[in-house]
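7 is the number of the first residue of the sequence shown in the numbering used here; add one for each residue after it.
By construction, the Cβ of each residue, glycine as well, lies at the ideal position given by its N, Cα and C atoms.
First the structure, in the form of structure tokens, and then the observations on it.
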Amino acid sequence: MKTNVSTLLEIKYPVIQGGMAWVAEYHLASAVSNAGGLGIIGSANAPATWVKDQIQKMKQLTKQPFGVNVMLLSPHVEEVAHVLAEEKVAVVTTGAGNPEPYMKLWKDAGIKVIPVVASVAMAKRMERLQADALIVEGTEAGGHIGESTTMTLVPQIVDAVHIPVIAAGGIGDGRGMAAAFMLGAQGIQMGTGFVVTKESLVHENYKKAILKAKDIDSKVTGRSTGHPVRSIRNQMTNEYLKKEKEGATFEELEYLTLGGLKKAVVDGDVINGSVMAGQIAGLLKEERSCKELIHSIVGEAEELMKGNKIYG
Ligand code: TUI
7 MKTNVSTLLE IKYPVIQGGM AWVAEYHLAS AVSNAGGLGI IGSANAPATW VKDQIQKMKQ
67 LTKQPFGVNV MLLSPHVEEV AHVLAEEKVA VVTTGAGNPE PYMKLWKDAG IKVIPVVASV
127 AMAKRMERLQ ADALIVEGTE AGGHIGESTT MTLVPQIVDA VHIPVIAAGG IGDGRGMAAA
187 FMLGAQGIQM GTGFVVTKES LVHENYKKAI LKAKDIDSKV TGRSTGHPVR SIRNQMTNEY
247 LKKEKEGATF EELEYLTLGG LKKAVVDGDV INGSVMAGQI AGLLKEERSC KELIHSIVGE
307 AEELMKGNKI YG
């Protein structure tokens, strides 16, 4: 499936894996790249030494292009940004902030830079700073989110910029991909779908929580603190939302989520931990390999775009 995004990234299918904290490590990312998508190592809050090691391991498992996601709230962002320039990774995606301070560093190293944006203003700003493409992420996504939906944001950003747009948030099958293309996107990024693949090393409990989730099972905590985060409803989100309603302090709320993602992903504590996942969790019913997932999504999208009715 050839689009401006697959051509830009030199990949077979314009399907990018989200750079999810604790989830997006080299086993998963290499499986995605080897299946023809773009695997991403999520550097999240990790130190630069961890990121460098992941890049080396990735290079041993795939000869295909891959990327690294930089979470801009990380305390290690500065050193990670420099390691990526030294390693000359093919692609950098960014999230949870404004990557302006690092754009020149990465562009000068020949890296393709693809910021995640959640508004038209940010999209235009990134285009001016020479971003190669944009990931436009709607509020349906898991983890740290913006306000607008994928359905409303993608066409507005497509009209506002001249660089390729990759849609993210709420995409889990070929219908979602075809819909994103109809809105003007030329690629998709998927997170939750890749969490439940065979190659994803998250705890079984985490996968089960996503696979058994229903449409209304995700909740957004932290709206009052300015850091809204979407995850699967559990004891932690119930307590958090109750405390948030009662006007608890930032510190009290932070305490509830501290280390929560690791607790869920690594220890499998899906009761007290943060089971970050998007609204599309309710659509995902089985564990597949990355290759099966990518082939199924792309195959369905192609059928739909030919006008063949395969659903409903
Ligand atoms: O970054 C994400 N998703 C994430 S990061 C993360 S780790 C974390 N955990 C708890 C609290 C905070 C972070 C978990 N999930 N997605 C990409 C994304 N970026 N979504 C929204 C944005 C975004 C928001 C504001 C991008 C730019 C932006 O600009 C703000 C500004 O500075 O103008």
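Secondary structure note for LEU140: its beta strand (DSSP E) is the uninterrupted segment 140-143. By the beta-carbon neighbour count (other beta carbons within 10 angstroms, threshold 16), MET242 is buried.
Shortest Cα-Cα distance from THR99 to any of LYS118, GLU92, LEU79, GLN162 involves LYS118.
In the assembly as shown, ASN240 is a buried residue. Its beta-carbon has 16 or more other beta-carbons within 10 Å.
Residue state for LEU14 is assigned as helix, using DSSP reduced to three classes.
Taking ALA270 as the centre and dropping the five residues before and after it, the same chain places the C-beta of TYR212, VAL276, GLY279, SER280, VAL281 closer than 6 Å to its C-beta, in chain order. The three-state secondary structure of ASN240, taken from DSSP, is coil. Between VAL11 and the set GLY144, ILE172, ILE177, the nearest pair of CA atoms involves ILE172. Of the heavy atoms belonging to the ligand TUI, at least one sits nearer than 8 Å to the Cβ of PRO121.
Residue ranges of uninterrupted alpha helix (DSSP H) with 4 or more members, entirely inside the region 90-139 and ordered along the chain, are 106-114, 126-134. C-alpha of GLU298 to C-alpha of ARG134: approximately 38 Å in a straight line. Contact between GLY284 and GLY197 holds: their C-beta atoms lie close to 6 Å from each other, under 8 Å.
In the structure shown, the three-state DSSP call for VAL29 is coil. Short note on LEU267: C-beta closer than 8 Å to some heavy atom of the ligand TUI.
CA-to-CA, the gap between ALA37 and GLU205 works out to about 7 Å. CA-to-CA, the gap between HIS168 and PRO161 works out to about 12 Å. ASP165 is the residue among ASP165, GLY42, MET109, PRO170 whose C-alpha sits nearest the C-alpha of VAL126.
Within the DSSP secondary-structure output, ASN75 pairs in a beta bridge with GLY48, THR99. The beta carbon of HIS150 sits closer than 8 Å to at least one heavy atom of the ligand TUI.
Per DSSP, reduced to three states, the secondary structure at GLN192 is coil, with no helix or strand assignment. In the structure shown, LYS225 adopts extended strand secondary structure according to DSSP, grouped into three states.
Boundaries cannot be given for VAL272, as no beta strand (DSSP E) includes it and DSSP labels it neither H nor E.
According to the DSSP assignment, ALA307 belongs to no beta strand (DSSP E) but to the alpha helix (DSSP H) extending over 296-311. GLY149 is bridged by DSSP to ARG236. Here GLY43 is actually not in contact with ILE286; their C-beta atoms are around 17 Å apart, not less than 8 Å. The beta carbons of ALA54 and GLU85 sit about 4 Å from each other, so the pair counts as a contact at 8 Å. Boundaries of the beta strand (DSSP E) around GLN23: 21-23.
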